[in-house]
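Here's the structure, in structure tokens; my notes come after.
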DNA sequence: TGTCGAGTTAAGTCT
DNA sequence: TAACTCGACA
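As structure tokens, then:
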């Protein structure tokens, strides 16, 4: 906290207090970024260079020097995590309420804009947000309705197509049609749009596109926000897509002859080396476009790293050197070399997991690390399962981020669908989801009839119910009546009461009560009530939901905002997080706000927060975080780099940046691990060690795996990069099966091996293990392996070029 | 119409 | 491996 009397002059005063406590402890580059003069600027911030600190201090600085009031600031991030952290740091730094500032994710801020101007945006006040699952089921429903051949047009691909179009800012009429297939897809895109509009729902892409169009087409509104936001700060700028950049330009000012005419100041903070979202339309090129189009005068590089020791940083630097498309940047540290980066090789993914768990035990018991400072990173969510089960068996608390998120669980989606139907009876996606769940005798046939009726009448499923006759009609009407009752009862009830009543009336609790594994689900549903409860408390619903414009002390502004240079002809929209209707002044109901929360923040804070638990997440989810100890598992060709990304150069470079992000998460100790075989999608695969391991400097590494036992599997790096044999004595302890799995001696593969004749289902004889049954055969030629179950020794993988096997029957 | 089991298929990162 | 679809049967 800094004393208020340090405030340097009134509005627009020159920031002269260079010895402000705010600036203490910043290095020269950071200080330069924090105290940048007005105008557009780009900060290239390397990993661990104190980027978040710079951003938040910059905001505090702007406020402290009176250059802007809280309402004049907009800070955009990509993840809720980042937005939350920024808000938290700011409230610790500033002596007044930060709620008046627009700090949030792109999608969160778009939602806020659309809520506030839903009439102008052509949306109902209660519009709902579709997540990826909802979007897919909406598309499936559409395809079925129009009899689309889902072989030729898989619904999933259609959702990608639609999302891709929106990311490029294209409506159906804007999409260039080159071939009949595209023509069809565009038609479906248009139909999908109509369906969403009819049902009052928007997907993620629509949130962005719709609010972009709102700003583009409504000059008065645009002028208002341009006037209002004097300072726009954008985090992770390298991850912006075309549409997001265009959206920013609308807010920043008017674009004339390719140049930005702007009275506001845009600060873009990014790191081209950490661009890992090209797959969802991110354009690193936005950085250079920004410099050109905004005529950026100030560029600052933050290269001093405060996070990691030398060996870790050297590894990161050496790795990213292999990329060709870079702006160029090299991290440095004063912290000394630190420990070497440890590299581990395991025979199987199970061994890898056991080793990680054993290592974690040591770290906690012997080296005094707390579990929450240890992270296990992996390329894809599917990898977490094995590690989870080992951690679970070892009794080590852990927390998994991402993956199956709380709000994406089936029972929670069902509950939310009921809540959405209470809010908006025309939400057909939700209607379809729960009309017969729990089962109430409304079968597929009845639903089909209902859909046809609705389509013919051009109304929602809810409204079409009365037109359906017979027994089916009666049952449908019963369902709708039930929902009507719930809707009426929700009036004047607390969110908690509404949800509890819904769980009861819908029959969800009863249903799961009779199900075998329903107890967990019931627990989750109760957790939903808790989530709603704490949401209501945190957001302060029920009190004065509209935050008034504030002065620096948090007291409401008594003087006109015009003194801040704001356009007073429009209402000042200092709104609570989830927005208020600017035209009517109505605020969202707690239920509406909670549904928004559920859709936009998929609930990464499920697990027991606060517990000292090992952190598990994908590399993507780890961006922006840091830990004392980091394990990166599954460093194998095909997995990391992922095979789908290996075909083209761009994809491979993105994978490398991903690896760069992973490495730079570690402060003190980094473990890299790969496994020779891995259960993937139900098959055992054999992968070479990742090329990324080879790209690291030998001097920074230390191999802790014992080499040997795997003849032809010898990692390709073995040739040049010295596989020092087991430097750690405990190798045998954490890989008890190790020596047995491949019990055959290592001999050079014989060239004349291919015609082995071993096939699944055969019984074979092994000189040491006796008779066994072949479970599977993988690979060909010298690389062929068989998985054989020996009654007395268990299932083993044997290299057919080496093992002496005879076929018994 | 609901339920259950067999067969099929996809499989990656996120708001 | 897990989620999903489809067909047989009650």
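Numbering (the UniProt record's numbering), first residue to last: 1 to 809. In this text, a Cβ means the ideal position worked out from N, Cα and C, and glycines have one as well. Small disclaimer: the values here were computed from a predicted structure and weren't measured.
Cβ neighbours of residue i in the same chain (closer than 6 Å, five flanking residues each side left out)
| i | result |
| --- | --- |
| residue 324 | none |
| residue 43 | 33, 269, 300 |
| residue 463 | none |
| residue 683 | none |
| residue 812 | Here the chain has residues from 1 to 809 only, and residue 812 is not among them. |
8 Å Cβ shell around residue i - same chain, five flanking residues per side excluded
| i | result |
| --- | --- |
| residue 137 | 429, 432, 433 |
| residue 680 | 382, 639 |
| residue 422 | 483, 486, 487, 490, 498, 502, 591 |
| residue 340 | 311, 700, 701, 702 |
| residue 369 | 363, 628, 629 |
Proximity below 8 Å, CB of residue i to CB of residue j
| i | j | result |
| --- | --- | --- |
| residue 383 | residue 651 | no |
| residue 208 | residue 166 | yes |
| residue 271 | residue 46 | yes |
| residue 496 | residue 532 | yes |
| residue 823 | residue 665 | Absent from the model: residue 823. The displayed extent of the chain is 1 to 809, so no value can be given. |
| residue 626 | residue 307 | yes |
| residue 304 | residue 687 | no |
| residue 649 | residue 274 | no |
| residue 446 | residue 472 | yes |
| residue 309 | residue 668 | yes |
| residue 226 | residue 267 | no |
| residue 121 | residue 210 | yes |
| residue 527 | residue 276 | no |
| residue 360 | residue 320 | no |
| residue 438 | residue 322 | no |
| residue 468 | residue 449 | yes |
| residue 643 | residue 690 | no |
| residue 335 | residue 613 | no |
| residue 205 | residue 246 | no |
| residue 812 | residue 693 | As shown, the chain starts at 1 and ends at 809. That puts residue 812 outside it, with no answer to give. |
Per DSSP, the bridge partner or partners of residue i
| i | result |
| --- | --- |
| residue 74 | 102, 232 |
| residue 203 | 130 |
| residue 398 | 614 |
| residue 689 | 636 |
| residue 675 | 346 |
| residue 703 | 343 |
| residue 260 | 255 |
| residue 376 | 616, 631 |
| residue 265 | 231 |
| residue 696 | Per DSSP, none; premise fails for residue 696. |
Beta-carbon separation (whole angstroms), residue i vs residue j, contact threshold 8 Å
| i | j | result |
| --- | --- | --- |
| residue 159 | residue 195 | No, residue 159 and residue 195 are not in contact; Cβ-Cβ is about 13 Å, not under 8 Å. |
| residue 238 | residue 284 | 5 Å |
| residue 202 | residue 130 | 7 Å |
| residue 486 | residue 501 | 7 Å |
| residue 704 | residue 364 | No, residue 704 and residue 364 are not in contact; Cβ-Cβ is about 18 Å, not under 8 Å. |
| residue 240 | residue 282 | 6 Å |
| residue 90 | residue 60 | 7 Å |
| residue 312 | residue 663 | 6 Å |
| residue 183 | residue 153 | That pair is no contact at about 12 Å. |
| residue 50 | residue 30 | 6 Å |
Beta-carbon proximity list for residue i, same chain, < 7 Å, skipping 5 on both sides
| i | result |
| --- | --- |
| residue 263 | 253 |
| residue 789 | 772, 773, 775, 795 |
| residue 535 | 594, 597 |
| residue 435 | 442, 447, 479 |
| residue 427 | 128, 199, 200, 201, 420, 421 |
| residue 139 | 155, 158, 159, 192 |
| residue 294 | 40, 260, 266 |
| residue 761 | 774 |
> Counting Cβ pairs, one atom from each stretch, are 3 or more of them under 8 Å apart for the segment 300-319 and the segment 48-60?
Replying inline: yes
>> Below 8 Å, how does it come out for the segment 66-84 and the segment 228-236: are there three or more Cβ pairs, yes or no?
In response: yes
>> Closer than 8 Å is the cut-off here; do at least three beta carbon pairs connect the segment 109-116 with the segment 210-227?
In response: yes
>> Check whether the segment 350-358 and the segment 307-317 touch, using three or more Cβ-Cβ pairs below 8 Å as the test.
In response: no
>> Counting beta carbon pairs with one atom in the segment 361-378 and one in the segment 407-415, are three or more of them shorter than 8 Å?
In response: no
>> Closer than 8 Å is the cut-off here; do at least three beta carbon pairs connect the segment 98-107 with the segment 173-183?
In response: no
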